[in-house]
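See structure below.
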Amino acid sequence: MHHPLVETLLTQRFRSLAAVDCPVDVYSWLVDETSMTARLEAHCQQLKVTLVDEGFVTAQRLSIDERNALGDEQGTQRFWLREVQLIADGEPWLAGRTLIPEASLQGPEAALMNLGTRPLGHYLFQSSFLSRDYLLPGTMDGLWARRSLLRLAEKPLLLTEIFLPASPLYSPLAEGSSPCTLQTHQK
Ligand code: PHB
Numbered sequence: 005m006h007h008p009l010v011e012t013l014l015t016q017r018f019r020s021l022a023a024v025d026c027p028v029d030v031y032s033w034l035v036d037e038t039s040m041t042a043r044l045e046a047h048c049q050q051l052k053v054t055l056v057d058e059g060f061v062t063a064q065r066l067s068i069d070e071r072n073a074l075g076d077e078q079g080t081q082r083f084w085l086r087e088v089q090l091i092a093d094g095e096p097w098l099a100g101r102t103l104i105p106e107a108s109l110q111g112p113e114a115a116l117m118n119l120g121t122r123p124l125g126h127y128l129f130q131s132s133f134l135s136r137d138y139l140l141p142g143t144m145d146g147l148w149a150r151r152s153l154l155r156l157a158e159k160p161l162l163l164t165e166i167f168l169p170a171s172p173l174y175s176p177l178a179e180g181s182s183p184c185t186l187q188t189h190q191k
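When you read off a place in the sequence shown, starting at 1, and then add 4, the result is the number in my numbering.
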């Protein structure tokens, strides 16, 4: 099942939030630096990546905050866009949007354009050249989300992940997990 609004959701404004605004259980998901695919896999039988959109885009497809994060304030660069959904046992659990400046795709990183339905994390986490500038917990359109600026061999890529309503983050065990009542902070 495809989340009907996923394309629109992924272009909503990212609002970062402080730890105090977030239940502890939820926060632990949002700031988890290990593989999110592996963590979600532990909660279902089968997790699949489905492609929503993939290909080169100009800066017009980026929000201002995405351009700023990737150092393209003028809006002159081209980017590889990858939008996916993680489907767990038929239910959409996570929407991911990755933006990679064209200049980051030189050398072995060109493989990032050929991932298809293989999870991005499998590629990233096996690389010894992976580092992270930041991992921001936040919300997007009332859903829990996070944004990471990653570097592969020093070259940046921006990953935004939105936890969709069916994901285990919102289960009753994650007490008080509705983000709609939160005060969010703008960064
Ligand atoms: C992806 O394959 O693009 C992907 C997979 C898992 C995530 C985010 C993105 O958590």
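Just so you know, even glycine gets a beta-carbon here, dropped at the ideal spot from N, CA and C.
- Could you have a look at T164 and say whether DSSP puts it in helix, strand or coil? Working through the sequence shown from its first residue, we reach residue 164 at position 160. Strand, per DSSP.
- Proximity to Q130 [Cα-Cα], best of G79, L156 and F60: Residue 130 sits at position 126 when you count from the first residue of the sequence shown. Closest by alpha carbon: L156.
- Message: Do L13 and L98 count as a contact pair if the criterion is CB distance below 9 Å?
- Response: Position 94 of the sequence shown, counted from the start, is the residue given in the question as residue 98. Position 9 of the sequence shown, counted from the start, is the residue given in the question as residue 13. Not a contact, by the Cβ cut-off of 9 Å.
- Query: Helix, strand or coil for S12 per DSSP?
  - Reply: Sequence index remark: in the sequence shown, residue 12 carries index 8 (1-based). The sequence shown places Thr at residue 12, not Ser. Three-state DSSP puts T12 in a helix.
- Message: Quick check on V35: does DSSP put it in helix, strand or coil?
- Response: Your numbering for residue 35 matches position 31 in the sequence shown. Reduced to three states, the DSSP call for V35 is coil.
- Message: For G59, list the residues DSSP reports as bridge partners.
- Response: The residue you call residue 59 lines up with position 55 of the sequence shown. G59 is bridged to L85.
- L85 and D57 look like a contact to me (Cβ under 8 Å); what is the Cβ gap, rounded to whole Å? Indexing the sequence shown from 1 puts residue 85 at position 81. Indexing the sequence shown from 1 puts residue 57 at position 53. About 6 Å; that satisfies the 8 Å criterion.
- Task: Over the uninterrupted beta strand (DSSP E) stretch that includes Y174, give me the two end residues.
- Result: The sequence position of residue 174 within the sequence shown is 170, counting from 1. Y174 -> no beta strand (DSSP E), and no H or E assigned at all.
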